[in-house]
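Undergrad: Take this structure first; my questions come after.
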Amino acid sequence: MFKIEYKFNIYVEIYIYNLILDFNKGAVMNKIVAISGGRKNKISEKAIKTILSNVRSKYNFYSLSDFEILTCDACNGCVEKNKCIKDDRLNEIYANMKNCDLIIFAAPEYWDGVNAKSRAFWERICFSGRHNAYFPLKGKKGIILGVSGRGDSKHVISDLSRFMNDAQIEIMKKISIQGEFACFNCGYGENCKVGGIFELYPHNPEIKKEKIPTLTNQHPEKCDKKINKKKELIKTADYINRFFR
Numbered sequence: 001m002f003k004i005e006y007k008f009n010i011y012v013e014i015y016i017y018n019l020i021l022d023f024n025k026g027a028v029m030n031k032i033v034a035i036s037g038g039r040k041n042k043i044s045e046k047a048i049k050t051i052l053s054n055v056r057s058k059y060n061f062y063s064l065s066d067f068e069i070l071t072c073d074a075c076n077g078c079v080e081k082n083k084c085i086k087d088d089r090l091n092e093i094y095a096n097m098k099n100c101d102l103i104i105f106a107a108p109e110y111w112d113g114v115n116a117k118s119r120a121f122w123e124r125i126c127f128s129g130r131h132n133a134y135f136p137l138k139g140k141k142g143i144i145l146g147v148s149g150r151g152d153s154k155h156v157i158s159d160l161s162r163f164m165n166d167a168q169i170e171i172m173k174k175i176s177i178q179g180e181f182a183c184f185n186c187g188y189g190e191n192c193k194v195g196g197i198f199e200l201y202p203h204n205p206e207i208k209k210e211k212i213p214t215l216t217n218q219h220p221e222k223c224d225k226k227i228n229k230k231k232e233l234i235k236t237a238d239y240i241n242r243f244f245r
């Protein structure tokens, strides 16, 4: 009986401590926290902003490009208070994640996995958010936007799903989006036979604007008819509006 009461008191103390700390750090009670793990003004960010521009709920938007996200060292500095001790503003985002209803996360796929900055972010969120069986994000809803040059985005979606599941976030929706390979802008894409342009256009690697994937021109390599991903993102916003009335 003593052990049960003692463990219960620990959980209550941790919960109250985090509430007070988040309040003092200026955490805002918004229904949505949206995070882009990709480069600034690229398709990950554009996809999230398409959703946000069509939702009625209040939201906080963060681009990880604005943050120096350090890696997790498994130092156990977060054990007592379920907070990472590294001071790189990650806890600023985390405070608002704990006070929201829905987390939207978009990230690009690099080498068949989520990009390094997004991985570093989620490793620290998940490692710090599970000690003493206390999961600060448990029961939050989640939406995943995975971006890849091929457009299937299965690896980045798999990685982000694993992180959200570990944090006990309930995933509502997963969306695959085709982004542009860096090869379109590197200056050598038309002649590099191991690059993304040759993968999409092996017989005609000449770079033209209409060949570059955008939200309104998905999979241009497959057909002449444009596939408009914006429509799905706007429908997702409508779904959010119905869910969070």
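Quick note: the sequence shown uses UniProt numbering, first residue 1, plus one each step. Where is the CB? At the ideal position from N, CA and C, for every residue including glycine.
If we ignore side chains and look at the alpha-carbon of each, how far apart do GLN218 and LYS58 end up?
TA: What you label residue 218 is simply residue 218 of the sequence shown in a count that begins at 1. What you label residue 58 is simply residue 58 of the sequence shown in a count that begins at 1. Roughly 29 Å between the two C-alpha positions.
Undergrad: Opposite TYR59 in the DSSP bridges: which residues?
TA: For the purposes of this step, residue 59 is identified with residue 59 of the sequence shown, where counting begins at 1. DSSP, once it has assigned bridges, lists ILE32 as partnering TYR59.
Undergrad: Do GLY142 and ILE157 have their CB atoms nearer than 8 Å?
TA: Walking along the sequence shown from the start, residue 142 turns up at place 142. Walking along the sequence shown from the start, residue 157 turns up at place 157. Taking 8 Å as the Cβ cut-off, GLY142 and ILE157 do not qualify as a contacting pair.
Undergrad: Starting from the C-beta of ILE35, find all residues in its chain whose C-beta is less than 6 Å away, skip the five residues before and the five after it, and write them out in chain order.
TA: Start at 1 with the first residue of the sequence shown, and residue 35 comes out as number 35. These residues qualify, in order along the chain: TYR62 and PHE105.
Undergrad: Can you tell which of LYS226, PHE121, SER44 and ASP166 has the C-alpha that lies nearest to the C-alpha of TYR134?
TA: What you label residue 134 is simply residue 134 of the sequence shown in a count that begins at 1. The option with the nearest alpha carbon to TYR134 is ASP166.
Undergrad: Using only CA atoms, which one of CYS186, MET164 and GLU180 lies nearest to LEU102?
TA: The count along the sequence shown starts at 1 and reaches residue 102 at position 102. Residue MET164 is the option with its Cα nearest to LEU102.
Undergrad: Let's test the definition: count the other Cβ atoms within 10 Å of the Cβ of GLY195 and tell me whether it reaches 16, buried, or not, exposed.
TA: Taking the first residue of the sequence shown as position 1, residue 195 is located at position 195. Buried: at least 16 other Cβ atoms inside 10 Å.
Undergrad: For the stretch 45 to 104, which segments carrying the alpha helix (DSSP H) assignment without a break, of at least 4 residues, lie completely within its bounds, in sequence order?
TA: Runs of the alpha helix (DSSP H) inside the stretch 45 to 104: 90 to 98.
Undergrad: Kindly indicate which three-state DSSP category ASN41 falls into: helix, strand or coil?
TA: Position 41 of the sequence shown, counted from the start, is the residue given in the question as residue 41. Coil, per DSSP.
Undergrad: Going by C-alpha distance, which of LYS235, LYS225 and GLY179 is nearest ARG39?
TA: Within the sequence shown, residue 39 is the residue found at index 39, counting from 1. Measuring from the Cα of ARG39, the nearest candidate turns out to be GLY179.
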